[in-house]
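What follows is a set of notes on a single structure, which appears directly below.
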Amino acid sequence: MAWKIVGGAAALLSILLGGLAVATNGEPDRSATLAEYRRPSAIPFPDDNPFRTAKAELGRALFFEPVLSRDGERTCATCHVPGRDWTDTHPRAPRSDGGVMEFRTPTLLNVAWTETIYGWDGKFNGLETVARTPLTAPGNMNMPPEEMVRRLSSDPNYVAAFAKAFPGPVPEGGQVTQERIERALATFQRLIISGQAPFDRWVEGDAHAVGAAAKRGFDLFNGKANCAACHSGWNFTDGSFHDVGVAKDGAIGRGRFFPNSTRLRHAFKTPTLRNVARRPPYMHDGSLTTLSEVIDLYDRGGIERPSRSRDIRPLHLSAREKADLIAFMESLSDAGAEGPAYQPIGVEAPRP
0 MAWKIVGGAA
10 ALLSILLGGL
20 AVATNGEPDR
30 SATLAEYRRP
40 SAIPFPDDNP
50 FRTAKAELGR
60 ALFFEPVLSR
70 DGERTCATCH
80 VPGRDWTDTH
90 PRAPRSDGGV
100 MEFRTPTLLN
110 VAWTETIYGW
120 DGKFNGLETV
130 ARTPLTAPGN
140 MNMPPEEMVR
150 RLSSDPNYVA
160 AFAKAFPGPV
170 PEGGQVTQER
180 IERALATFQR
190 LIISGQAPFD
200 RWVEGDAHAV
210 GAAAKRGFDL
220 FNGKANCAAC
230 HSGWNFTDGS
240 FHDVGVAKDG
250 AIGRGRFFPN
260 STRLRHAFKT
270 PTLRNVARRP
280 PYMHDGSLTT
290 LSEVIDLYDR
300 GGIERPSRSR
310 DIRPLHLSAR
320 EKADLIAFME
330 SLSDAGAEGP
340 AYQPIGVEAP
350 RP
């Protein structure tokens, strides 16, 4: 499918509200529920950082640029590995000094559709600001902003790329600025999109795209297991924060910024379930190694405490129901690397 570029919420909303009828032979009528998971056909870009091909390609170059780390050995792709669905395999992200970070590396899949608050605990307000912390943090890329700008400004190719990506008046100090670096990176990251999965073909009307177990799992997902309470919409996330009863190490989560909120204590951002079967380990701390362990956590209701989400409770799932849920989540995996983030863009509208 071809992806179009849209800049406003109204255009995206009109796409997401498109209905889809699904007829099946002797099966429950799931058409209304399936319609809620229909993939959009356009990538939303903010009005204050609109899409430009040159900007996206500059962001791509910067994403894989070791010059942006002080020692010249780390890039954004060190943790957000394209071949690993834009995350890594570590329980917690590795630091440049040999230690580990507080949280697991979140995937960048479909960040264009994430709500404006980013990070496991929501410490980033907008995608354009996310890169600043890993670029400058001592345990990560450890690059002072002024040195980052100096290094890129000393490369004529980068200076020309910034001029092409950001036409118009030249900022005081030159073409390369910290803000432009962040905007270019955000533009590229919005092109990181999960591909069509068997589930999507089922949504579009192919009754044979997924098996009977996955279909039963979908019913459980939206019914008895109540997974859709948080993992909603085509990207399978509500973009919000919940305590699902997993944090055993005292991790505060969103409550760090709202210390008087009981509900946000131990609350972490709902991750997308796209390609989830390929992205172990799981949870914000990487403490669960398989999808079976994840389902077992939800089945027993996690840790009972005042902050635990009201949607988390013992489910009493049977062995077959657990297997069906896994079959459904496996149907959310695409065929592998594809989409506009995996190859240079040749036209204004990226095509996956």
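Quick note: the sequence shown uses numbering that gives the first Met the number 0, first residue 0, plus one each step.
Positions of the beta carbon are idealized from the N, C-alpha and C atoms, including for glycine.
Cα-Cα separation, residue i to residue j
i       : j       : result
Phe-363 : Pro-137 : No information on residue 363 is available, as it lies outside the stretch 0 to 351 that the chain covers here.
Arg-83  : Arg-59  : 17 Å
Glu-337 : Asn-274 : 13 Å
Leu-12  : Ser-40  : With a pLDDT of only 38 at Leu-12, under 50, the local geometry of the prediction cannot be trusted, and the value read off the model is given with reservation. Each residue's alpha carbon lies about 11 Å from the other.
Ile-192 : Leu-108 : 5 Å
Lys-321 : Ala-183 : 42 Å
Thr-23  : Arg-262 : Confidence is the limiting factor: at Thr-23 the pLDDT is only 43, short of 50, which leaves the residue's position unreliable, though a coordinate-based value still follows. When rounded, the distance between both Cα atoms is 41 Å.
Leu-61  : Pro-27  : 49 Å
Pro-144 : Ala-55  : 21 Å
Ser-95  : Gly-172 : 30 Å
Ala-20  : Thr-74  : Reliability fails at Ala-20, whose pLDDT of 39 lies under 50, so the model's placement of it is uncertain and the value that follows must be treated cautiously. Cα-Cα distance, rounded: 45 Å.
Ala-334 : Pro-197 : 9 Å
His-230 : Glu-64  : 34 Å
Gly-167 : Asp-120 : 37 Å
Leu-33  : Ala-228 : 15 Å
Thr-88  : Val-158 : 35 Å
Arg-29  : Ser-239 : 26 Å
Ile-311 : Asn-234 : 20 Å
His-241 : Pro-81  : 28 Å
Ala-266 : Asn-156 : 44 Å
Pro-357 : Asn-259 : Outside the shown range of the chain (0 to 351) lies residue 357, about which nothing can therefore be said.
Asp-205 : Gly-194 : 17 Å
Phe-25  : Ile-294 : What sits at residue 25 in the sequence shown is Gly, not Phe. Their Cα atoms are separated by approximately 29 Å.
Proximity test, residue i beta-carbon vs the ligand FMN heavy atom, cut-off 7 Å
i       : result
Ala-212 : Judged by which ligands are present, the structure shown has none, so any question about the ligand FMN falls away.
Per DSSP, cross-strand counterpart(s) of residue i
i       : result
Pro-27  : Pro-27 is not bridged to any residue.
Gly-252 : Ala-266
Asn-124 : Ile-116
Phe-382 : Given a span of 0 to 351 for the chain in the structure shown, any question on residue 382 remains unanswerable.
Thr-86  : Val-80
Pro-137 : Paired residue(s): none; Pro-137 is not in a bridge.
Ile-302 : In the DSSP output, where bridge partners are listed per residue, Ile-302 has none listed.
Val-99  : Pro-93
Glu-281 : According to the sequence provided, residue 281 is Tyr. The question's Glu does not apply to it. Beta-bridge pairing links Tyr-281 to Leu-287.
Rounded distance between the beta-carbons of residue j and residue i, thought under 8 Å
i       : j       : result
Val-202 : Tyr-36  : 6 Å
Met-142 : Thr-135 : 6 Å
Thr-86  : Thr-115 : About 21 Å; that fails the 8 Å criterion.
Arg-299 : Pro-313 : 6 Å
Thr-236 : Thr-106 : Contact flag wrong, Cβ pair sits at about 11 Å.
Ser-317 : Arg-264 : The Cβ separation is near 33 Å, so there is no contact.
Ser-332 : Ala-276 : 5 Å
Leu-57  : Ala-185 : Not a contact, Cβ separation roughly 11 Å.
Asp-323 : Gly-216 : 4 Å
Gly-254 : Gly-301 : Their Cβ separation, rounded to whole angstroms, is 16 Å, which puts Gly-254 and Gly-301 out of contact at 8 Å.
Interface flag, residue i vs chain D, CB-CB below 8 Å
i       : result
Ala-318 : You won't find chain D in this structure, because it holds only one protein chain.
Inset, instruction - Take every Cβ of the region 56 to 76, pair it with every Cβ of the region 324 to 337, and state whether three or more of those distances are shorter than 8 Å. - result: no
Inset, instruction - Pair every Cβ in the region 164 to 178 with every Cβ in the region 136 to 151, then say whether three or more of these pairs are closer than 8 Å. - result: yes
Inset, instruction - Count the CB pairs spanning the region 287 to 303 and the region 91 to 101 that are closer than 8 Å, and state whether there are at least three. - result: no
Inset, instruction - May I ask you to verify whether the region 220 to 229 touches the region 112 to 128, counting CB pairs closer than 8 Å and requiring at least 3? - result: no
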